[in-house]
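Note that the sequence shown covers residues 0 to 261 in numbering that gives the first Met the number 0. From the three backbone atoms N, C-alpha and C, an ideal C-beta is built for every residue, glycine too. Bear in mind that the values here come from a model prediction, so they are computed numbers and not experimental data.
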Amino acid sequence: MLINFTLAPLEKIIPWGQPGSYCLHWFGLTFGEYWIQAGEATLFEYSDHARAAGAERYCTYQVVRLYEDLMDMLPYILEPVPDALVPYISGDGAGILRSAHEAWCERADDVPDEDGLFDFADVAIMWVGKRRLDSSYLAPSANIAIWSDEEHVHIEWDNRDRQLGGSPAWSASLGSYRVSRGEFIEEMNSFHVRLMEQMAARIEQVASGQLRSEIQIDLAALAREHEQRTCSLDAALKIVPATDWQQVERAVGEILVARNGL
Numbered sequence: 000m001l002i003n004f005t006l007a008p009l010e011k012i013i014p015w016g017q018p019g020s021y022c023l024h025w026f027g028l029t030f031g032e033y034w035i036q037a038g039e040a041t042l043f044e045y046s047d048h049a050r051a052a053g054a055e056r057y058c059t060y061q062v063v064r065l066y067e068d069l070m071d072m073l074p075y076i077l078e079p080v081p082d083a084l085v086p087y088i089s090g091d092g093a094g095i096l097r098s099a100h101e102a103w104c105e106r107a108d109d110v111p112d113e114d115g116l117f118d119f120a121d122v123a124i125m126w127v128g129k130r131r132l133d134s135s136y137l138a139p140s141a142n143i144a145i146w147s148d149e150e151h152v153h154i155e156w157d158n159r160d161r162q163l164g165g166s167p168a169w170s171a172s173l174g175s176y177r178v179s180r181g182e183f184i185e186e187m188n189s190f191h192v193r194l195m196e197q198m199a200a201r202i203e204q205v206a207s208g209q210l211r212s213e214i215q216i217d218l219a220a221l222a223r224e225h226e227q228r229t230c231s232l233d234a235a236l237k238i239v240p241a242t243d244w245q246q247v248e249r250a251v252g253e254i255l256v257a258r259n260g261l
């Protein structure tokens, strides 16, 4: 299974707010742990060093945060990246593109039409960000890119600079993994179904009074939000991005040439 999670027991979920005004909601009720099994590598698994320093084995956070980020990315993950741009998605090529973008923006500060130059630079870099899994809520974050070509979805990671106390924070340092496009969609559907089913059961627990009495929760709002979230995957799959790849390639080429000319 590619995307894995475990919801924390209801009694172990820490409510939001202060004493006398504790509350929970759908998002907060998804607290647990999650990880991505990319072949033999386990993403969002802390290193032995980090665990010896007190970290749990896997990332502990609201599971729906991973779900939301993947749903936001999904239309762009499934939009194939042209061969000419693949080297700039991750690894050293991504670093070169970031460096070129920064250099371009520094130069743009000194020209009259700086807004136009900044917009041009954004075209060269934004497509990469749409294929990078956000984990900025973690300290340190994980550096993971997910993208596709015509046949496969690729998961690539480079966590060599993500450290705790001078040692690697994550067990998966550098690598890549790929699955067919169809298999990836099946894995996303599996994640969606499992999370929705487990949250439906959790809502039944809350409705039956198993949540501590001092924690306030709006049951009607909880049910409405759950119903809305059951549609998230279908909604994401209906979005078809229309990236102007010729414009992107032109922008990438120009900022790289400008960087090399510095």
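| task | Quick one: using the 10 Å Cβ neighbour count with 16 as the cut-off for buried, is I238 buried or exposed? | result | Burial call: exposed.
| said: Since S231 and M70 should fall inside the 8 angstroms C-beta cutoff, what is the C-beta to C-beta distance between them, to a whole number of angstroms? | reply: By a beta-carbon distance limit of 8 angstroms, S231 contacts M70. Their separation comes to about 5 angstroms.
| Where the beta strand (DSSP E) through V178 begins and ends | Run containing V178: 173-179, per the beta strand (DSSP E) assignment.
| request: Count the other C-beta atoms from every protein chain shown that fall within 10 angstroms of the C-beta of P14, then say buried if there are 16 or more, exposed otherwise. | output: Here P14 is buried. Its C-beta has 16 or more other C-beta atoms within 10 Å.
| Residue of A40, V63, P74, G53 minimising C-alpha distance to A234 | Minimum Cα distance to A234 is reached at P74.
| task | Using three-state DSSP, classify P14 as helix, strand or coil. | result | Residue state, collapsed to three classes: coil.
| Residue range of the alpha helix (DSSP H) that R4 falls in? | Sequence inspection shows Phe at residue 4; the Arg mentioned does not correspond to that position. For F4, no alpha helix (DSSP H) run applies; the uninterrupted beta strand (DSSP E) run containing it begins and ends at 2-6, by DSSP.
| said: Going by DSSP in three states, F119 sits in which element: helix, strand or coil? | reply: Looking at F119 - three-state DSSP - the assignment turns out to be helix.
| said: On a Cα-Cα basis, can you pick out the residue from F26, S20, G27, E32 that is closest to N3? | reply: The shortest Cα separation from N3 among F26, S20, G27, E32 belongs to E32.
| task | Taking only the alpha-carbon atoms, compute the straight-line gap between Q17 and R211 and give it to the nearest angstrom. | result | The alpha-carbon atoms of Q17 and R211 are separated by roughly 14 angstroms.
| Of all the options D82, A123, Q204, I154, which has the alpha carbon lying nearest to the alpha carbon of C104? | Among D82, A123, Q204, I154, the Cα nearest to that of C104 belongs to A123.
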